[in-house]
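Chains as they are written, first to last, in our numbering: chain A, 1 to 291; chain B, 1001 to 1405; chain C, 2001 to 2313. We put the CB at the ideal spot given by N, CA and C, even for glycine.
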Amino acid sequence: MGIPLPVLFGQLLLGLINGAFYAVLSLGLALIFGLLNIINFAHGAQYMMGAFVAWLMLTMLGIGYWPALVIAPLVVGLFGIAVERTMLRRLAKLDPLYGLLLTFGLALVIEGLFRNFYGVSGQPYAVPSALQGGVNLGFMFLPIYRGFVVVASLAICLGSWLLIEKTKLGALLRAATENPSLVRAFGVNVPLMITATYGFGAALAGLAGVLAAPVYSVNPLMGSDIIIVVFAVVVIGGMGSILGSVLTGFGLGLVEGLTKVFYPQASSTIIFVIMAIVLLVKPAGLFGKAS
Amino acid sequence: MNLRKWAFVSAFALIAAGGAQAQISDNVVKIGVLNDQSGAYSDLSGKGSVVAAQMAIDDFGGKVKGAPVQLISADHQNKPDVGSAIANRWIDEDKVDAIVDVPTSSVALAIQEITRTKNRVHLNSGAGSSALTGEKCSPTMVHWSYDTYAQAHGTGIALTKQGGDSWFFITADYAFGNALRDDTMAAVKEAGGKVLGAVSAPFPNTDFSSFLLQAQGSGAKVIGLANAGSDTINAIKQAHEFGLDKSGQKLTGLLTFITDVHSIGLETAQGLVLTDSWYWDTNDETRAWAKRWSEKMGGGRMPTSVHAGVYSAVMHYLKAIDKSGTDEAKKVVDTMRTIPVNDMYTKNGKIRADGRMVHDMMLVQVKKPSESKYPWDYYNVLRTIPGDEAYRPLDKGNCPLVAGK
Amino acid sequence: MNRLLLWLIVLVVALAAPYLVYPVFLMKGLCFALFAVSFNLLLGYTGLLSFGHAAFFGMASYVVGHAMTRWGVTPEIGILAGTLVAGLMGLAFGFLAIRRQGIYFAMVTLALAQMVHFFCLQAPFTHGEDGIQAIPRGRLLGMLPLDEPHTLYYFVLAVFAGGCWVVWRAVHSPFGQVLRAIRENEPRATSLGYRTQHFKLAAFTLSASLAGLAGATKAIVFQLASLTDVHWHTSGEVVLMTLLGGMGTALGPIAGAFVVVAIENTLAELGAWVTIIQGAIFVLVVLLFRRGLVGEALEWLRLRAARPSPQGK
């Protein structure tokens, strides 16, 4: 084949790391779509906000990475809650496409505001000292921080999955998705759950942003660069399926990595090609339930 | 029916509101700074270029031959369609005489066509494409600060001669990146080096890890980054993460400005070898100018060579109007060619028939954090590259204006 | 009588406009208005939200650009070629996309448009980031030079009128009725015996062709075809124009297009604020003015007409 195995493994490992971001982001999107039936176009902007909050905390308040991992998602989550309560709630009874358009508009506003104040050159954010350096795996030099990202993403995805599938709260959430009126009849505060879900989804995006800050430069365009890809991931995985989006996220990261070895120019397009094919062959997504 | 009338009236009111333009009398020299004020190049040009242009106008006295000099500016958002719409409106409606800066080669080429057809001056400080003084050269244009040929020959030849005789390229897969890579490949071969390979990354791109992996695998002594802006920043940061600096391979950003170094941070950027046309900390004259610029920008920043180029170009333009007595584009640019460029930007600049302003470039290396004593103290100047060595010879560019081609 | 007078006024204003207002601005408005009108055929009348319409708009620009710079054809041939290519793309994409509905339909169109974007980025004939520049305005039918802005304006006005007329005819016809039925309740339309998939595909192809017509004309006006034209921001923009103006109304997209173009023009100097304001308009329109400018105006007039007259009691 002409491609030495070490190079292949190296690219696959890198693809896995990318896939980790796709997984966490598509997890949030899938959650939001599953419960609210809204494509959250603002997810990329919320991811960017997470990175910026972490950066602002570092440069203006001297607060470092580890507290930022907790605080930034909280901040973005609160913002998400505010958005849901003031805006998305009003659209609940309408065609879900309005929700898409609203979040699209929000994404433009948020991105524009950050672009206006911070330009697009990107702000540096250093890798936390505990995670600096790298390990020589033989076929490549793996930065410890990137390895941490994979582990952290897996933990987040696993934790979320456990929350949704194995806890009472998660069961309520899933029931509310299937039949909101019935669940409400049982006395459960469905609107509150919806708000909480959107907030949680946004917080996940923000968390991914903090994880990304040391890896990519913190810049206002980081959201719009990645969001379209993440949509494709969610659609391929199955829009309401948590497991689906996580597995697809990691999987597509690997596919992208492979493409970079054999035909780099196609690495941007390959995911969309796959998405178009999946949508035509298995419309509910690889792991989705046909509705 | 009433409702239709209402709708149309309202629609046309909105049209009028958007389309109405103020008319300017012609006894005025109007300069338009067109650049990126919010996107990838907003830090290296952007508002800073507007400030630089205004400084030139103020230092010249605000008037030339009795007519006031006015400045307007706009954001082309790195889009050729936005840029050309603004340029056309400026020329047709706002009586703009000269369009200045214009980074982003795709926009610059569009502006080149418009200014050539409508006979206005184009003073370009921000864009890179050497085609602007090559196949697409124009009699009313001067390419002031840098171009892809100079960047390629500056860094490419210097590094090859220093022992970096095998190269691997990571290219942003668009016209500018490809041109920069091609020019540098030619330069490397000219200096006796070999090109071991090249890989194209999508543009824009955030994750270079896989391309860096390939570069590492090639064993090349120099990894040339044929990209700019956030691509370069990301690639360099990630190269640091992946221990490329420890493996003995040298990384070079083929188009990097001091604002990029600032974004990357000295910790990561140290040791990088770059070609630039001007550095604020070179001598007292440059420092004084930079300080003035910085104050006008609200402090905390230093100008790039693009900003300094805008100042120098506008000054020179005004001098030429003064000497020739007219602001007719062709005559002014011809006059500009008769005056040598000698200011804080360069001491021995001259404008050629193809529009290229030939001046010395400098090869610099980014300081280690311990070497940097004050903010923006980033560069050690390794050597000055004489202008004639840096720029493409006049007869090699295929410019139709050059006699005998 | 009233109607005739109104159309006469419109005609006079349209013909006189380039002498009062910067012609290039008007032409940009007309091209985008046609784009929005074609988009509205799909969204407002058929109920299909395509998030990738820029693919047709932009590809037609590239085709015209290439045809006129490389092959030297006259403008009307170039525009025809662009429209044809867009139509064929519409047929192909539509065939793939209409198998899904609602959000999924939008996502498929987005994915397909992204692929077109990357294709245009890589293909040599588009010159990537530089775009196809210096597209000549040419001589219409080989005889009438279009370089002069006023002449060009009348040509663009004619194209715009023609395109709008096609949409108007389509909407006010049995075909249009079926489209509306599909928008209201597709299962019912199917149960009535209509092959809804065929109708949707026809609407999609027609919409794509006219979007191509708009893009091709725009390429001649601006003498430039660039990647912006196939970017998803442009797809979003046409949605914005239609939404802002009022989808499902005839004039809404036209008004919306002119407003958005006017905002872009006026605020070009303010960079990021254009994005912010566009986003804010999206948010406000979706939350408060879902009928859009024209729609709200029509509703206001309707309510006023329905109000009991003061001297009734």
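Under the three-state reduction of DSSP, residue 271 of chain A is assigned to helix. Taking 8 Å as the threshold, the shortest C-beta distance from residue 5 of chain A to chain B does not fall below it. In the structure shown, the three-state DSSP call for residue 144 of chain A is helix.
If only uninterrupted alpha helix (DSSP H) runs of at least 4 residues are considered, those enclosed by the region 158-184 of chain A are 168-178. The C-beta of residue 265 of chain A comes closer than 8 Å to at least one C-beta of chain B.
The C-beta separation of residue 2054 of chain C from residue 2230 of chain C comes to about 5 Å, placing the pair in contact by the 8 Å criterion.
Around residue 267 of chain A, the same chain offers 256, 259 and 260 as residues with beta carbons nearer than 7 Å, after the five sequence neighbours per side are excluded. Within the same chain, Cβ atoms closer than 6 Å to the Cβ of residue 2207 of chain C are found at 2038, 2041 and 2042, the five residues on either side in sequence being excluded. Residue 2143 of chain C counts as exposed, since fewer than 16 other C-beta atoms from the protein chains shown sit within 10 angstroms of its C-beta. The three-state reading of DSSP puts residue 2146 of chain C in coil, since its state is none of H, G, I, E or B. In its chain, beyond the 5 residues on either side, 2263, 2264, 2267 and 2268 have a beta carbon closer than 8 Å to the beta carbon of residue 2274 of chain C. Segment contact: the region 172-182 of chain A against the region 41-54 of chain A, fewer than three CB-CB distances shorter than 8 Å; contact not assigned.
If you compare the alpha carbons of B:1358, B:1180 and B:1349 with that of residue 1253 of chain B, the shortest gap goes to B:1180. Sequence-distant partners of residue 184 of chain A (beyond 5 residues in either direction) whose C-beta falls short of 6 Å from its own C-beta, in its chain, are 190. Per DSSP, the continuous beta strand (DSSP E) segment holding residue 1167 of chain B begins and ends at 1166-1172. When DSSP assignments are scanned along the region 1250-1322 of chain B, the uninterrupted stretches of alpha helix (DSSP H) that are 4 or more residues long and fall wholly within it turn out to be 1258-1264, 1266-1269 and 1284-1296. The beta carbon of residue 1344 of chain B lies closer than 6 Å to those of 1285, 1286 and 1289 in the same chain, with the five residues before and after it left out. With respect to residue 1040 of chain B, residue 1080 of chain B sits apart: the two C-beta atoms are not nearer than 8 Å. Non-local C-beta neighbours of residue 110 of chain A in its own chain, meaning closer than 6 Å and more than five positions away in sequence, comprise 45, ordered along the chain. Interface criterion met: the Cβ of residue 105 of chain A is under 8 Å from a Cβ in chain C. The three-state reading of DSSP puts residue 73 of chain A in helix, counting H, G and I together. The distance from the Cβ of residue 1145 of chain B to that of residue 1314 of chain B is about 13 Å, inconsistent with a contact at the 8 Å cut-off. Residue 143 of chain A reaches chain B at 1241 and 1242, counting residues in chain order whose Cβ is nearer than 7 Å. For residue 90 of chain A, a Cβ of chain C is located within less than 8 Å of the residue's own Cβ. With three or more CB-CB distances shorter than 8 Å, the region 1196-1212 of chain B counts as touching the region 1233-1252 of chain B. In the DSSP assignment, residue 1218 of chain B falls within the unbroken alpha helix (DSSP H) covering 1209-1218.
Under the three-state reduction of DSSP output, residue 2231 of chain C falls in the coil class, being neither helix nor strand. In the structure shown, the three-state DSSP call for residue 1228 of chain B is coil. Taken atom to atom, the span from the alpha-carbon of residue 1358 of chain B to that of residue 2226 of chain C is near 31 Å. Exclusion of the five residues before and after residue 2126 of chain C leaves 2062 and 2120 as the residues of its chain whose Cβ lies within less than 6 Å of its Cβ. In this structure, residue 1096 of chain B sits away from residue 1127 of chain B, with a CB-CB distance that is not shorter than 8 Å. Residues of chain B whose Cβ lies closer than 7 Å to the Cβ of residue 2224 of chain C are, in chain order, 1080, 1081, 1084 and 1110. When the Cα atoms are used, residue 2047 of chain C and residue 2246 of chain C turn out to be separated by approximately 13 Å. Within the region 2233-2249 of chain C, no residue has a Cβ lying closer than 8 Å to any Cβ of chain B. By the Cβ-count criterion, residue 2009 of chain C is exposed, with fewer than 16 other Cβ atoms from all chains shown falling within 10 Å of its own Cβ. Per DSSP, reduced to three states, the secondary structure at residue 1384 of chain B is strand.
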